[in-house]
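Here's the structure we're looking at; comments come further down.
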Amino acid sequence: RMVAEVFPRMVVLDEGRVVADGPTDELLADRQLLETHGLE
């Protein structure tokens, strides 16, 4: 999880719309978010 150390916050976009915004480690742990938006 080096990404979470380097980037403490992340924003997930889907077709130009913000669908998630928060701590990187929390968003990467959200399996439903990752699956729904093709981030696996």
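If you're matching positions, the sequence shown starts at 12 in the numbering used here and goes up one per residue.
Note that CB positions come from ideal geometry on N, CA and C, so glycine has one too.
Since the model is a prediction, treat every value here as computed from it, not as a measurement.
Residue closest to residue i, alpha-carbon to alpha-carbon, out of the options
i, options, result
"P19", "Q43, L44 and L39", "L39"
"E16", "V23, D32 and E37", "E37"
"M13", "L50, V30, Q43 and T35", "T35"
Start-to-end residues for the alpha helix (DSSP H) that takes in residue i
i, result
"L45", "R42 to T47"
"E16", "M13 to V17"
Strand pairing of residue i, partner residues [DSSP]
i, result
"A31", "V23"
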